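For reference, the structure discussed in these notes is given below.
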Amino acid sequence: MGKTFDLGKGFNDAIALLTEHMQTILVALGLFTILPAMLMHFFIGSTELNVNPLAAFSGFNGIWVLVSVLLGMLGSLTIFTAFLTQTKTDLGATISAAAAMFLPYLLTNIIMWIGIGLGLVLLVIPGIFLMVKLVCASPIVAAEKEKNPIEALKRSWEMTEGNGMIIFAFLLIIGVGIIVISWISNLITLGMILNGGVVAMIGALLAAIVSAITSAISLAAIAAIYRQLAEGVDSAELQETFG
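At position 228 of the sequence shown the residue is numbered 228 (the UniProt record's numbering), and the sequence of numbers has no breaks.
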């Protein structure tokens, strides 16, 4: 059995990460999440995305959606890298380090979410179980420079041993908070987006900002879980990429 996860410390650590790395979070999410979202609004249109998403994702539009998703993942990996690096580095070095690990990060997430998705479709509970057990896989790639997706998933499984229920409770509380924030945001922005024109642009921007905020919260929560459960990762390993 690994270390025991402390719920209260998890919340405190998540808040500390958000506070300490606010500049990196703002730049990374602005560059990799908010900007792509606004470009999608410009080229595809938020009305089409909300009213008929399947049609919006067809043809050339689908390329924009794919690029937006990949950039969002790079932004998330950049933030994970900033969260889990022991010494401060400049933003350019952090992005470079994240880019170097992007392929393992992408493959790890694809494998992980295929498993979780199948579990949710079949019986729901297996999907939730896998989500909890594999929650540390992404930070493992970022912090330990693990290039083998299977090893990252295996290590996450081992790290979370004996902490399933408390991690689930932690993620549930964070998830409910994010759902409430997103619900309120949708009530405000959806009507604006459907109106079209400048109002729609403002609504799309507000929606993108709220999405970025909730993304930062979830990333901080996951990083906080990893930091508690990680066993003696040498901080020097985290600096090799920054040379």
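Glycine included, each C-beta is placed from N, C-alpha and C at the ideal position. Predicted, not measured: the structure shown is a model, and the values here were computed from it.
- ILE150 places its beta carbon 8 Å or farther from that of THR160.
- LYS147 and GLY203 have their C-alpha atoms roughly 39 Å apart.
- Positions of the alpha helix (DSSP H) runs, each at least 4 residues long and wholly inside the segment 192–233, are given as 197–229 in order along the chain.
- Between LEU194 and VAL132, the gap from beta carbon to beta carbon reaches 8 Å or more.
- Non-local C-beta neighbours of MET201 in its own chain, meaning closer than 6 Å and more than five positions away in sequence, are absent.
- Around LEU39, the same chain offers TRP64 and SER68 as residues with beta carbons nearer than 8 Å, after the five sequence neighbours per side are excluded.
- Counting along the chain, the unbroken alpha helix (DSSP H) around LYS9 starts and ends at 7–20.
- Exposure of MET165 is indicated by the presence of fewer than 16 other C-beta atoms within 10 angstroms of its C-beta.
- Look at LYS154 here: in three-state DSSP terms it is helix.
- Annotated three-state conformation of LYS133 is helix, per DSSP.
- In the displayed model, MET101 falls within coil according to three-state DSSP, outside both helix and strand.
- GLN86 carries a coil assignment under DSSP once its states are collapsed to helix, strand and coil.
- Taking one beta carbon from each stretch, the segment 173–180 and the segment 211–230 have 3 or more pairs nearer than 8 Å; the two touch.
- DSSP, reduced to helix, strand and coil, places VAL124 outside both helices and strands of the structure shown, so it counts as coil.
- Here GLY162 carries a coil assignment [DSSP, helix/strand/coil].
- When DSSP states are grouped into helix, strand and coil, THR4 belongs to the coil group.
- Around the CB of LEU134, 16 or more other CB atoms lie within 10 Å, so the residue is classed as buried.
- In the three-state reduction of the DSSP assignment, GLU144 falls in the helix class.
- In this structure, PRO126 sits away from TYR226, with a CB-CB distance that is not shorter than 8 Å.
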